[in-house]
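Colleague: Okay, here's the structure, questions in a sec.
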Amino acid sequence: MREQFMVHVTGPTDDHAGATAEERAGSPGLMLALATLGFAVNFWAWALISPLGPMFRDSGALGRLSESDVALLVAVPVLVGSLGRIVVGALTDRFGGRIMFPVISAVTILPVLFIAFVALDSYALLLVGGFFLGIGGTVFAVGVPFVNAWFPPERRGLAIGVFGAGMGGTAISALTTVKLFTNQGEKAPFLITAVVLAAYAVTAWLLLRDAPGRVVPTTSLASRLNANARLPITWQACILYAVAFGGYVAFSVYLPAYLKTAHGLTAADAANRMAGFVVVAVIMRPIGGWLSDRFGAIPVLATSYAVVVVGAAVSASTPPLDGVGTVAFLAMAAALGAGSGATFALIAKVTDPSRVGGVTGLVGAAGGLGGFLPPLIMGFVYGRTESYAIGLWMLSITAALTLALTLTIVRRTAQGQDTH
375 MREQFMVHVT GPTDDHAGAT AEERAGSPGL MLALATLGFA VNFWAWALIS
425 PLGPMFRDSG ALGRLSESDV ALLVAVPVLV GSLGRIVVGA LTDRFGGRIM
475 FPVISAVTIL PVLFIAFVAL DSYALLLVGG FFLGIGGTVF AVGVPFVNAW
525 FPPERRGLAI GVFGAGMGGT AISALTTVKL FTNQGEKAPF LITAVVLAAY
575 AVTAWLLLRD APGRVVPTTS LASRLNANAR LPITWQACIL YAVAFGGYVA
625 FSVYLPAYLK TAHGLTAADA ANRMAGFVVV AVIMRPIGGW LSDRFGAIPV
675 LATSYAVVVV GAAVSASTPP LDGVGTVAFL AMAAALGAGS GATFALIAKV
725 TDPSRVGGVT GLVGAAGGLG GFLPPLIMGF VYGRTESYAI GLWMLSITAA
775 LTLALTLTIV RRTAQGQDTH
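So the mapping is simple: my numbering equals the position in the sequence shown, first residue as 1, plus 374.
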């Protein structure tokens, strides 16, 4: 009788029941805030080595390091964090962010402590520690599908853009790592980060909830990866994100070394300026998502790449930082941030929700790889020419080609989805 009564009353009160279920599951705003915090904390850990690279070269603590050695040291975590997103994104589709956020955060503690207690006096061991530190960078592929499931399509661009602002965790690293390393002891930045990661892992385990009605795929990981890789939007977004987010990552890990060498700044001043670059990009990422919700992703992407074309070309002449040089870099930061947000607004619009995690993993990997190669190229070219101009012209040309792709093939993909 009780079951009959419950069945009878749920019909006319579906809205109330749905609201009650959502309240039990969690608030979308709270889930977005926790996911963004997790992104920031893990990216803080992911970027720990980058500010220290120029210091290790100058101090000789790790032996004689070339520009290419420093570039490799700061790029290894980027590589692993990028490739790892392919698997982590697919695992998130299967297990949900409720499980994956605390797991990734807890696992990242291990390489942070390894670097602190074992690797700080060895270049080879730092490479090993940096390899596993890359795990922290995979958290991006957890957050996008998690946040995407909590919001309706017309709000996903802004929501994912807000989550993407968690990439500002690299700014925390830039602002604090060198100061803590110098003033509080070489282990201090790593121990503090490990404590924060542990606190977040516990908080996430207790408070995070997956969105109501989340669809769990039943096919194998390999078959999902194969199916996602065949989607047109996947390879198109991979290129878009490799330039937008890859450019951001490349500057965030290599800018301290560039500013120190090309403009003669101190390590601390270079790190502070890099943090300014990161802050501008972080602020513009949710704005890029919001603008995409309002005006479409294609105009936002096209404008972003056009700005990078001009900014990189201007920077190639190494203008002084007290004028045009700073304006060019901050304009590129704004464009790369907005372009990153717009890319995932586009993915959310044209991709089935059950596939967002897998597609995000592949696209996120491309973005990270886009950040892995430029520092190596810049270090290699500078070591042979003592000039960064070639690398910056390559960025300008790449952005121009991506702009052309956006206005042709990607535009047709987006329009096809609209008409469908």
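Even for Gly, the Cβ is constructed at its ideal location relative to N, Cα and C.
Which one of V569, T550 and R583 has the shortest CA to CA distance from R472?
Modeller: If we check each option's Cα against that of R472, R583 comes out closest.
Colleague: Our contact map puts A409 next to F520 with C-beta atoms below 8 angstroms; I'd like the distance itself, whole angstroms only.
Modeller: Indeed they touch by this definition, with Cβ atoms about 6 angstroms apart.
Colleague: Any idea what DSSP makes of E377, helix, strand or coil?
Modeller: Residue placement at E377 is flagged as unreliable, the pLDDT there being 40, under the threshold of 50; the coordinate-derived value follows with that caveat. In the structure shown, E377 sits in a helix (DSSP, three-state: H, G or I).
Colleague: Suppose contacts are defined by Cβ-Cβ distances below 8 angstroms. Is G724 in contact with I607 by that definition?
Modeller: Here residue 724 turns out to be Val, not Gly, going by the sequence shown. Taking 8 angstroms as the Cβ cut-off, V724 and I607 qualify as a contacting pair.
Colleague: Answer yes if the segment 410–421 comes into contact with the segment 495–504, meaning at least three C-beta pairs across the two stretches below 8 angstroms, and no otherwise.
Modeller: Not touching, per the Cβ criterion.
Colleague: Buried or exposed: where does P428 fall if 16 or more other Cβ atoms within 10 Å of its Cβ makes it buried?
Modeller: It is buried - the Cβ of P428 has at least 16 other Cβ atoms within 10 Å.
Colleague: Is the segment 714–722 in contact with the segment 486–495, if contact means three or more CB pairs nearer than 8 angstroms?
Modeller: In short, these stretches do not touch, since the Cβ pair count stays below three.
Colleague: From this set, G650, V415 and T759, which residue's C-alpha is nearest I483's C-alpha?
Modeller: I483 has its Cα closest to that of V415, out of G650, V415 and T759.
Colleague: Does the segment 539–556 come within contact of the segment 688–704, defined as at least 3 CB pairs closer than 8 angstroms?
Modeller: In short, these stretches do not touch, since the Cβ pair count stays below three.
Colleague: Using 8 angstroms as the threshold, is the C-beta distance between R459 and G738 below it?
Modeller: The answer is yes: Cβ separation under 8 angstroms.
Colleague: Please identify the residue among T635, A773, G731 and T640 whose C-alpha is closest to the C-alpha of G621.
Modeller: When each option's Cα is compared against that of G621, the closest is A773.
Colleague: Can you grab the Cα-Cα spacing for the pair H794 / P748, in whole Å?
Modeller: Per-residue confidence for H794 stands at a pLDDT of 45, beneath the threshold of 50, marking its modelled position as unreliable; no derived number is given.
Colleague: Write down every uninterrupted run of the beta strand (DSSP E) in the segment 600–650 whose length is 3 residues or greater and which is fully enclosed by it, in chain order.
Modeller: Fully enclosed beta strand (DSSP E) runs of 3 or longer: not present.
Colleague: Label F669 either buried or exposed according to how many other C-beta atoms from any shown protein chain fall within 10 Å of its C-beta, with 16 as the threshold for buried.
Modeller: Classification of F669: exposed, given that the 10 Å Cβ count is below 16.
Colleague: Report buried or exposed for D726, applying the criterion of at least 16 other Cβ atoms within 10 angstroms of its Cβ.
Modeller: D726 should be labelled exposed.
Colleague: Among the candidates F651, A585, P630 and A709, whose CA atom is the shortest distance from the CA of P526?
Modeller: Nearest C-alpha to P526: A585.
Colleague: Buried or exposed, going by whether 16 or more other CB atoms sit within 10 Å of the CB of V536?
Modeller: So V536 counts as buried.
Colleague: Between the segment 437–445 and the segment 753–772, do three or more beta carbon pairs fall short of 8 angstroms?
Modeller: Contact between the segment 437–445 and the segment 753–772 is present, because at least three Cβ pairs lie under 8 angstroms.
Colleague: What did DSSP end up calling F514 once you bin it into helix, strand or coil?
Modeller: The answer is helix: DSSP assigns F514 an H, G or I state.
Colleague: Which of the three DSSP states, helix, strand or coil, is assigned to S496?
Modeller: Coil.
Colleague: My guess is that G542 and W420 are in contact by the Cβ rule of under 8 angstroms, so how many angstroms apart are they, rounded?
Modeller: 12 angstroms between Cβ atoms; not a contact.
Colleague: Could you say which of R468, G470 and I478 lies nearest to G455 if we only look at CA atoms?
Modeller: Of the listed residues, the one whose Cα sits closest to G455 is I478.
Colleague: Hey, how far is the Cα of V674 from the Cα of L629?
Modeller: The straight-line gap from Cα to Cα measures roughly 25 angstroms.
Colleague: Looking at the secondary structure, which residues open and close the alpha helix (DSSP H) in which V552 lies?
Modeller: It spans G543 to N557 - the alpha helix (DSSP H) in which V552 sits, taken as one unbroken run.
Colleague: Under the criterion of a Cβ to heavy atom distance below 7 angstroms, does L446 qualify as lining the ligand HEM?
Modeller: In terms of ligand content, the structure shown is empty, and the ligand HEM therefore cannot be addressed.
Colleague: When you compare the CB positions of G732 and A464, do they come within less than 8 angstroms of one another, or not?
Modeller: Yes, they are a contact pair.
Colleague: When you compare the CB positions of A523 and A671, do they come within less than 8 angstroms of one another, or not?
Modeller: No; because the gap between Cβ atoms is not below 8 angstroms, this pair is not in contact.
Colleague: Look at the alpha carbon of T567 and the alpha carbon of W418, and state the distance between them as a whole number of angstroms.
Modeller: Roughly 8 angstroms between the two C-alpha positions.
Colleague: May I ask you to report which of helix, strand or coil DSSP gives L507?
Modeller: The answer is helix: DSSP assigns L507 an H, G or I state.
Colleague: Roughly how far, in whole angstroms, is the beta-carbon of V681 from the beta-carbon of M706, given that I think they are within contact range, below 8 angstroms?
Modeller: 7 angstroms between Cβ atoms; contact.
Colleague: Measure the alpha-carbon distance for A395 versus G735 and round it to whole angstroms.
Modeller: With a pLDDT of 44 at A395, under the threshold of 50, the modelled position of that residue is not reliable, and the figure given next carries that caveat. For A395 and G735, the distance between alpha carbons rounds to 29 angstroms.
Colleague: With distances taken from CA atoms, which of L571, A611 and F430 is nearest V730?
Modeller: Checking every option, the nearest Cα to that of V730 belongs to A611.
Colleague: Within the segment 693–780, note down every full alpha helix (DSSP H) run reaching 4 residues or more, in order along the chain.
Modeller: Here the runs fully enclosed are 698–724, 730–759 and 763–779.
Colleague: Can you round the beta-carbon distance between A545 and V698 to whole angstroms, since I take them to be within the 8 angstroms contact cut?
Modeller: That pair is no contact at about 23 angstroms.
Colleague: Using alpha carbons as the reference points, say which of R468, L580, G540 and F430 lies closest to P476.
Modeller: Among R468, L580, G540 and F430, the Cα nearest to that of P476 is on L580.
Colleague: Take E397 and list the residues in its own chain whose beta-carbon comes closer than 6 angstroms to its own, dropping the five residues that flank it on each side.
Modeller: Confidence at E397 is low in this model, with a pLDDT of 44, below 50, so its placement is unreliable and the value that follows should be read with caution. Cβ within range, chain order: n/a, list empty.
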